[in-house]
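Written out below as structure tokens is the structure these notes cover.
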Amino acid sequence: MLWTRKAGRMASSFENAIVETILDDEPITAIIGTRVFPLVLPEVRQGVQRVPAVVYELGDIEHEYCLNGPLGLATATISFGCFSVIEQGASELAKVLKDLFSGYRGHLDVDQNYVVSNSTIQGETIYQRDPDEGSDDWQYVYEVQFQILYKY
Numbered sequence: 006m007l008w009t010r011k012a013g014r015m016a017s018s019f020e021n022a023i024v025e026t027i028l029d030d031e032p033i034t035a036i037i038g039t040r041v042f043p044l045v046l047p048e049v050r051q052g053v054q055r056v057p058a059v060v061y062e063l064g065d066i067e068h069e070y071c072l073n074g075p076l077g078l079a080t081a082t083i084s085f086g087c088f089s090v091i092e093q094g095a096s097e098l099a100k101v102l103k104d105l106f107s108g109y110r111g112h113l114d115v116d117q118n119y120v121v122s123n124s125t126i127q128g129e130t131i132y133q134r135d136p137d138e139g140s141d142d143w144q145y146v147y148e149v150q151f152q153i154l155y156k157y
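Residue numbers (the numbering used here): 6 to 157.
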């Protein structure tokens with residue numbers, strides 16, 4: 006299910022809850038608006054600003070079990086790419102994202118379906134990405150990987 010932001014509609018999956026958390030954070034939305042994308046940054050379209058933006062990829066989700074079945078605990082790995090046309094912009098966006106998720110504890114969604122007990126940074130890197138075809142705009146990407154332990 007792809008994420009859609011509708012008035013009165015809450016997140017229905019862990020991935021959607023992560024996106025809602027990002028879009029509910031004023032310091033982040035002051036930088037990116039609503040530009041949060043799964044997997045890849047969209048192609049350049051006339052008149053549409055693509056960056057700064059956050060691109061996320063939900064990696065492995067490992068569920069915990071006991072002899073009686075699922076415990077309702079999971080550990081997710083999620084990577085965020087913070088895109089900007091200048092290195093400082095990518096770094097600043099990564100900083101506010103790290104401020105939000107590093108050490109995060111509590112509910113990710115208002116329905117309280119996902120309760121985070123631990124969120125840690127697993128790695129970070131910054132690199133410059135070649136311009137897209139037909140563009141002269143270089144992009145800087147600051148990637149941050151998190152491991153999030155949550156109850157569902």
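By construction, the Cβ of each residue, glycine as well, lies at the ideal position given by its N, Cα and C atoms.
In the DSSP output, which residue or residues are listed as bridge partners for residue i?
i      : result
Glu67  : Thr80
Ser122 : Its beta-bridge partners do not exist; DSSP assigns none.
Phe151 : Ile83, Ile126
Ile131 : Tyr147
Tyr109 : The partner list for Tyr109 (beta bridge, DSSP) is empty, contrary to what the question assumes.
Gly74  : Cys71
Phe88  : Ala58, Val146
Measure from the alpha carbon of residue i to the alpha carbon of each residue in the options, then state which is nearest.
i      : options                       : result
Tyr147 : Ala95, Pro136, Thr80, Tyr155  : Ala95
Ile23  : Asn123, Ile83, Gly108, Lys156 : Ile83
Lys100 : Pro75, Ile131, Cys71          : Ile131
Asp30  : Leu105, Gly74, Gly128, Leu76  : Leu105
Lys103 : Ser140, Gly64, Val59          : Val59
Tyr155 : Gln54, Asn21, Tyr61, Leu78    : Leu78
Glu20  : Ser107, Gly108, Phe85, Tyr145 : Phe85
What is the DSSP secondary structure of residue i, counted as helix, strand or coil?
i      : result
Glu138 : coil
Val101 : helix
Ser96  : helix
Can you tell me whether residue i is buried or exposed? The criterion is at least 16 other CB atoms within 10 Å of its CB, across all chains shown.
i      : result
Asp114 : buried
Cys87  : buried
Leu98  : buried
Met15  : Reliability of the predicted coordinates at Met15 is poor, the pLDDT of 40 falling under 50, and the value obtained from them is presented with this limitation in mind. When all chains shown are included, Met15 counts as exposed.
Leu44  : exposed
Ala35  : exposed
Ile91  : exposed
Glu69  : exposed
Ser89  : buried
Thr39  : exposed
Pro160 : The structure shown does not extend to residue 160, since the chain is modelled only from 6 through 157, so no value can be given for it.
Ser122 : exposed
Arg126 : Reading off the sequence, residue 126 comes out as Ile, not Arg. Its Cβ having fewer than 16 others within 10 Å, Ile126 is exposed.
>> Quick check on the DSSP output: what are the complete alpha helix (DSSP H) runs of length 4 or more inside the segment 23-58, in order along the chain?
In response: If only uninterrupted alpha helix (DSSP H) runs of at least 4 residues are considered, those enclosed by the segment 23-58 are 31-37.
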